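Asks: Sequences listed follow chains H and C, in order. If you count the first sequence from 1, position 35 lands on 63 in this note's numbering, and the numbers rise without skipping. If you count the second sequence from 1, position 107 lands on 504 in this note's numbering, and the numbers rise without skipping.
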Amino acid sequence: MVQYARTRFDASFAALSDATRRGVLEQLVRADASITDLAEKFHMTLTGMKKHVGVLEQAGLVSTEKVGRVRTCKLGLRRLEEEAAWIERYRQLWDARFDELDKVVEELKRKEKVDGRKKRE
Amino acid sequence: MDARRESEPTPMKNRTTVERKSERELVVTRTFNGPARIVFEAWTTPKLLMRWWAPKSIGVSLLSCEADVRVGGRYRFEFGHGASKPMAFFGRYIEVTPHSRLVWTNDESDEGAVTTVTFEEKGGKTLLVMHELYPSKEALDAAIAGMEDGMLETFAQLDELLLTLGASVGRS
Numbered sequence: 029m030v031q032y033a034r035t036r037f038d039a040s041f042a043a044l045s046d047a048t049r050r051g052v053l054e055q056l057v058r059a060d061a062s063i064t065d066l067a068e069k070f071h072m073t074l075t076g077m078k079k080h081v082g083v084l085e086q087a088g089l090v091s092t093e094k095v096g097r098v099r100t101c102k103l104g105l106r107r108l109e110e111e112a113a114w115i116e117r118y119r120q121l122w123d124a125r126f127d128e129l130d131k132v133v134e135e136l137k138r139k140e141k142v143d144g145r146k147k148r149e
Numbered sequence: 398m399d400a401r402r403e404s405e406p407t408p409m410k411n412r413t414t415v416e417r418k419s420e421r422e423l424v425v426t427r428t429f430n431g432p433a434r435i436v437f438e439a440w441t442t443p444k445l446l447m448r449w450w451a452p453k454s455i456g457v458s459l460l461s462c463e464a465d466v467r468v469g470g471r472y473r474f475e476f477g478h479g480a481s482k483p484m485a486f487f488g489r490y491i492e493v494t495p496h497s498r499l500v501w502t503n504d505e506s507d508e509g510a511v512t513t514v515t516f517e518e519k520g521g522k523t524l525l526v527m528h529e530l531y532p533s534k535e536a537l538d539a540a541i542a543g544m545e546d547g548m549l550e551t552f553a554q555l556d557e558l559l560l561t562l563g564a565s566v567g568r569s
């Protein structure tokens, strides 16, 4: 997980190292936009803009969704990905709690054993 | 730790699973290597709850924990993070069946879930199932979106970073 976060982090910095891509992000802070809109705004070919958006997407900064013939870009993850990421974090929270609970259970088990022995003696 | 390893094999770590079972339900499961009465005790004794509810890795500490585990009894857990104001998690127990079932409400808002925890013992191990039922799909969606506040914060920081970068590019 840490490894994964690290890669994401590096990808984010690489994505931000380009002025056009920073401009695209600024644009998307204001409103969602199609690749065509973005290409026009930044005086670029569709292919060029697709590449930039691809880099931002890889970094998890932008997600795109195709509706009909238009590919719309927005900031952040897709809803489904967001939910999956949340569920994974929630799982990690409970997993961390349960690891501690394991220790409490082990201790209570040992105590029961000792107490049982004492009672028999 | 090593002494223990000699006397009994180190148990394999049990897996925690989380699933959104429906629009309104989340289910968490985990098996514990101990009898139900012990796992139940750890869920119903404040002194023991204090030891596991806020592990270091979650970044907040449990300041206090009150749990009057009887039907109608109240619970209140207070969390703190640095100097910020403590947050409370509170509600009422509505079902208490020793060693097998615990149901509580969450009264922080109208959107709170009803949580049912069952303890099922089999061969000295206990399967724990925690079921959270939200009043509506919107309530669970909001709970999920709420955890995304961290994401919004990241974007706010990104905004600032963009401004700084933009400014320095403009200057050169």
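The beta carbon of each residue, even a glycine, is placed where N, CA and C say it ideally should be. Small disclaimer: the values here were computed from a predicted structure and weren't measured.
#1: Take His80 (chain H) as the anchor and find which of H:Gln120, H:Ala39, H:Glu109 and H:Arg97 has the nearest alpha-carbon.
#2: For the putative contact between Thr523 (chain C) and Glu529 (chain C), defined by C-beta atoms under 8 Å, what is the C-beta separation to the nearest angstrom?
#3: Along the chain, which unbroken stretches of the beta strand (DSSP E) at least 3 residues long are found entirely within the segment 64 to 141 of chain H?
#4: Going by the DSSP bridge assignment, what does Ser506 (chain C) pair with across the sheet?
#5: Do the CB positions of Leu525 (chain C) and Tyr118 (chain H) come within less than 9 Å of each other?
#6: Could you name the residues of chain C that Val132 (chain H) contacts, counting a contact when the two beta carbons are closer than 7 Å?
#7: Does any residue of chain H have a CB that is nearer than 9 Å to the CB of Pro452 (chain C)?
#8: Let me know if Glu403 (chain C) comes out buried or exposed under the rule of 16 or more other beta-carbons within 10 Å of its beta-carbon.
#9: So is Leu66 (chain H) in contact with chain C if we call contact Cβ pairs under 9 Å?
#10: Would Val425 (chain C) pass as an interface residue toward chain H - the criterion being a Cβ-Cβ separation below 9 Å?
#11: Alpha carbon to alpha carbon, how far is Ser481 (chain C) from Asp130 (chain H)? Give it in angstroms, no decimals.
#12: Please report the straight-line C-alpha distance between Thr48 (chain H) and Arg58 (chain H), rounded to a whole angstrom.
Replies: With the structure as the only source:
#1: H:Ala39
#2: About 19 Å; that fails the 8 Å criterion.
#3: 90 to 95 and 98 to 103
#4: Partner(s): none; Ser506 (chain C) has no beta bridge.
#5: no
#6: Ala439, Leu445, Arg448 and Trp449
#7: yes
#8: Low confidence applies to Glu403 (chain C): its pLDDT is 47, below 50, so where it sits in the model is not reliable enough to give any reading.
#9: no
#10: yes
#11: 30 Å
#12: 16 Å
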